[in-house]
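S.K.: Under my numbering, the first residue of the first sequence carries the number 478, and numbering increases by one thereafter.
Every residue, glycine too, gets a C-beta built ideally from N, C-alpha and C.
Handing you a structure now.
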Amino acid sequence: MSEQRIVRPKPISGFPEWLPETRSVEQRWLDHIRAGFERYGFASVETPSVENLDVLLAKGETSQEVYTLHRLQADRGDDTDSRLGLRFDLTVPIARYVAQHFNELVFPFKRYQIQRVWRGERPQEGRYREFTQCDIDVINVDHVPLHFDAELPRIAHEVLSGLDIPAWTISINNRKVLQGCYEGLGIDDPLAVIRAVDKLHKIGESGVSEILTEEIGLAEEQAKVCLELARIRGADSSIVDEVRRLGVHSDLLSQGLDELAFVLDSLSDLPSGSVVADLSIARGLDYYTGTVYEAGFDDDPGYGSICAGGRYEDLAGQFIRRNLPGVGISIGLTRIFAKLVAEGRIEGGRSCPTEVMVAVPAAERREESLRTAATLRERGFNTEVFHQASRIGKQIQYASRKGIPFVWFPPFEDGGPHEVKDMATGEQGQADPTTWSRPV
RNA sequence: GUGGGUGUAGCUCAGUCGGCAGAGCACUUGGUUGUGGUCCAAGAAGUCGGGGGUUCAAGUCCCCUCACUCACCCCA
478 MSEQRIVRPK
488 PISGFPEWLP
498 ETRSVEQRWL
508 DHIRAGFERY
518 GFASVETPSV
528 ENLDVLLAKG
538 ETSQEVYTLH
548 RLQADRGDDT
558 DSRLGLRFDL
568 TVPIARYVAQ
578 HFNELVFPFK
588 RYQIQRVWRG
598 ERPQEGRYRE
608 FTQCDIDVIN
618 VDHVPLHFDA
628 ELPRIAHEVL
638 SGLDIPAWTI
648 SINNRKVLQG
658 CYEGLGIDDP
668 LAVIRAVDKL
678 HKIGESGVSE
688 ILTEEIGLAE
698 EQAKVCLELA
708 RIRGADSSIV
718 DEVRRLGVHS
728 DLLSQGLDEL
738 AFVLDSLSDL
748 PSGSVVADLS
758 IARGLDYYTG
768 TVYEAGFDDD
778 PGYGSICAGG
788 RYEDLAGQFI
798 RRNLPGVGIS
808 IGLTRIFAKL
818 VAEGRIEGGR
828 SCPTEVMVAV
838 PAAERREESL
848 RTAATLRERG
858 FNTEVFHQAS
868 RIGKQIQYAS
878 RKGIPFVWFP
888 PFEDGGPHEV
898 KDMATGEQGQ
908 ADPTTWSRPV
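The structure is reproduced here in structure tokens:
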């Protein structure tokens with residue numbers, strides 16, 4: 478060891494990283510998700526990690542969460558990069574992207590985007606400062622057909638169903654129902670009520686009730702109806718009748734109920750209980766205007782949403798003088814995956830993709846090993862050659878620890894046979910690199 | 001940003017009343033010729049988060065600071 482001081486390696490809070498065997502599982506997940514999105518004809522898009530701050534902040538409010546960029550050695554007064562920030566979601570960048578490439582895109586534009594985003598928050602369980610979102614959105618000019626509101630949760634359902642994760646439920650609501658109901662009740666600030674009701678799962682009915690009456694200033698009767706609405710939950714469009722029974726009337730409410738019923742009916746073929754209407758979910762973000770989605774783990778509702786999204790009107794209005802509404806949903810890959818990692822439920826991952834490790838019997842026989850490996854690679858096997866002519870026990874131990882399933886022994890002397898060892902069974906026998914195949 | 005908890009070997013953690021820095025796991029080497037996991041033996045590994053203070057003496061007591069962590073806020 479040198480005398481030089483080392484920088485102690487420490488984890489950076491909120492920036493998860495995995496060992497190879499865990500990462501290999503994550504890669505399988507990513508492949509699975511991508512394939513699911515492509516099965517519905519969505520095209521892949523990537524956008525830069527950074528955006529101009531005025532793009533990121535076009536919707537305001539989240540400014541404190543945005544990481545900004547500057548060069549460590551920037552000259553005093555050089556603010557070239559100071560207007561750049563790391564994106565905190567994939568919706569804002571895609572809005573900018575669509576506006577920018579408006580003339581070159583075919584609408585309705587259906588894209589998926591699987592990339593990292595950054596948020597300057599206090600990290601804790603399930604909350605990270607760098608994480609991967611898997612987004613799919615449909616963006617169109619002037620109008621997005623309602624059946625996309627049903628297709629997106631269907632895709633999310635299909636993708637999530639293919640992952641080995643704890644039981645979850647996708648909840649669906651429609652902001653027009655909430656807003657229309659609140660307006661029908663004569664409430665001045667529906668958005669404030671939506672934010673309060675959104676906390677229902679966390680602080681309970683009494684907590685929400687307190688906010689509604691004391692902070693927002695609703696009458697007891699108004700607050701009571703708001704809570705009754707939020708209590709409604711069901712797997713099919715019969716919940717519409719329950720809402721109507723509250724006796725509140727407004728055009729917006731009727732429209733919202735029609736939309737919600739349509740979406741639920743469209744999804745009625747999915748396994749019962751996997752997608753439900755839940756009139757308490759609202760999504761805090763202001764830009765959702767119609768359908769909203771939120772999925773969570775059934776046995777850990779406090780963990781936070783693992784998949785969320787909704788419909789927004791005119792998302793790109795800040796960037797282009799065209800009306801571009803959209804509907805999207807995002808799977809919180811990191812949040813889901815990290816929970817399983819923390820619980821030790823990610824197993825079976827390989828620490829390397831190697832299928833065959835070719836041993837080196839002696840330094841002067843290395844050429845033979847290299848030739849053997851080349852033959853195996855040409856035949857489609859992921860193959861590596863051991864890095865030195867150590868004793869055979871060492872070489873096998875290396876393969877064992879890395880989870881490599883087969884160790885190949887080229888001839889120990891000229892004219893001798895090739896042998897291959899199955900690490901799982903310990904069996905070893907003669908083999909020919911030009912014809913060998915993995916036993917099933 | 002606000003409040004609580006925790007910082008000792010790569011990891012998980014002991015460390016009594018202030019008196020020589022410890023364990024398990026992991027790691028390296030060995031247990032003789034060409035074969036892994038188990039077992040046995042030996043070895044290496046620590047600015048005790050950092051700085052200051054009290055003391056003959058501080059991992060231990062006091063102050064400051066940083067990091068991590070939990071909750072709030074907010075969200076995937």
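1. For the 8 Å Cβ check, are there 3 or more pairs between the stretch 499 to 513 and the stretch 575 to 588?
2. List the endpoints of the continuous beta strand (DSSP E) containing residue 616.
3. Identify whether residue 766 lies in helix, strand or coil by the three-state DSSP scheme.
4. Give me the Cα-Cα distance between residue 879 and residue 873, rounded to the nearest whole angstrom.
5. Is it buried or exposed, residue 861, if we count other Cβ atoms within 10 angstroms and call 16 or more buried?
6. Identify the continuous alpha helix (DSSP H) that holds residue 632 and give its terminal residues.
7. Roughly how many angstroms separate the alpha carbons of residue 650 and residue 717, rounded to a whole number?
8. Hey, out of 742, 682 and 606, whose CA is closest to residue 711's CA?
9. Cα separation between residue 682 and residue 647?
10. So, at 8 Å on beta carbons, what are the nonlocal neighbours of residue 676 in its own chain, with the 5 sequence-adjacent residues on each side left out?
11. Taking 7 Å as the limit between beta carbons, can you name the residues of its chain near residue 768, skipping five residues before and five after?
12. Would you kindly check if the distance between the Cβ of residue 567 and the Cβ of residue 807 is under 8 Å?
13. Could you work out which residue in 830, 771, 885 and 604 is closest to residue 756 when comparing CA atoms only?
14. Please name the residue, chosen from 492, 498 and 503, that lies closest to residue 813 on a Cα-to-Cα basis.
15. Which of helix, strand or coil does DSSP assign to residue 885?
16. Per DSSP, what are the beta-bridge partners of residue 587 in this structure?
17. Between the stretch 516 to 535 and the stretch 568 to 584, do at least 3 Cβ pairs fall closer than 8 Å?
18. State whether the stretch 851 to 869 contacts the stretch 832 to 843, with contact taken as three or more CB pairs (one from each stretch) at a distance under 8 Å.
19. Using three-state DSSP, classify residue 501 as helix, strand or coil.
20. With DSSP collapsed to three states, give me the class of residue 780.
21. Taking the straight line between their C-alpha atoms, what separation do you get for residue 827 and residue 816?
22. List the residues that DSSP assigns as beta-bridge partners of residue 860.
23. Among 703, 678 and 679, which residue has its Cα nearest to the Cα of residue 690?
24. For residue 829, I'd like the list of residues in its chain whose CB is within less than 6 Å of its CB, leaving aside the five on either flank, ordered along the chain.
25. Is residue 570 near the ligand MG, judged by its Cβ being under 7 Å from some heavy atom?
26. What is the rounded straight-line gap between the Cα of residue 784 and the Cα of residue 613?
27. Here's a check: name, in chain order, each residue in its chain whose Cβ is nearer than 6 Å to the Cβ of residue 628, leaving out the five neighbours to either side.
28. Exposed or buried, which one is residue 912 when buried takes at least 16 other CB atoms within 10 Å?
29. Measure the alpha-carbon distance for residue 858 versus residue 521 and round it to whole angstroms.
30. Measuring straight from C-alpha to C-alpha, what distance separates residue 854 and residue 773?
31. Hey, how far is the Cα of residue 765 from the Cα of residue 885?
32. Which whole runs of the alpha helix (DSSP H) in the stretch 787 to 823 are 4 residues long or more, in chain order?
33. May I have the straight-line CA-CA distance separating residue 489 from residue 607, to the nearest angstrom?
34. At the level of alpha carbons, what is the spacing between residue 524 and residue 760?
35. For residue 978, which beta-bridge partners are listed by DSSP?
36. Could you check where the alpha helix (DSSP H) with residue 603 kicks off and where it finishes?
M.R.: Quick answer:
1. no
2. It spans 607 to 616 - the beta strand (DSSP E) in which residue 616 sits, taken as one unbroken run.
3. Taken through DSSP and simplified to helix, strand or coil, residue 766 comes out as coil.
4. 10 Å
5. The residue in question, residue 861, is buried, as its Cβ has 16 or more Cβ neighbours within 10 Å.
6. Note, residue 632: alpha helix (DSSP H), 624 to 638.
7. The straight-line gap from Cα to Cα measures roughly 11 Å.
8. Distances from the alpha-carbon of residue 711 to those of 742, 682 and 606 put 742 closest.
9. Those two C-alpha atoms are separated by around 21 Å.
10. Only 684, 685 and 688 meet the Cβ criterion.
11. Correct list, in chain order: 626, 649, 651, 736, 740, 787, 788 and 804.
12. yes
13. 771
14. 503
15. strand
16. 615
17. yes
18. Yes, the stretch 851 to 869 is in contact with the stretch 832 to 843.
19. helix
20. In the structure shown, the three-state DSSP call for residue 780 is helix.
21. 19 Å
22. 833
23. 703
24. Once the five neighbours on either side are set aside, the close Cβ partners of residue 829 are 879.
25. The ligand MG is absent from the structure shown, which contains no ligand whatsoever.
26. 11 Å
27. none
28. exposed
29. Between residue 858 and residue 521, the C-alpha separation is close to 29 Å.
30. 44 Å
31. 58 Å
32. 810 to 819
33. Taking the straight line from one Cα to the other gives about 10 Å.
34. Here the alpha carbons of residue 760 and residue 524 stand approximately 25 Å from one another.
35. Outside the shown range of the chain, which is 478 to 917, sits residue 978, and nothing can be said about it.
36. Counting along the chain, residue 603 falls outside any alpha helix (DSSP H), and DSSP gives it neither H nor E.
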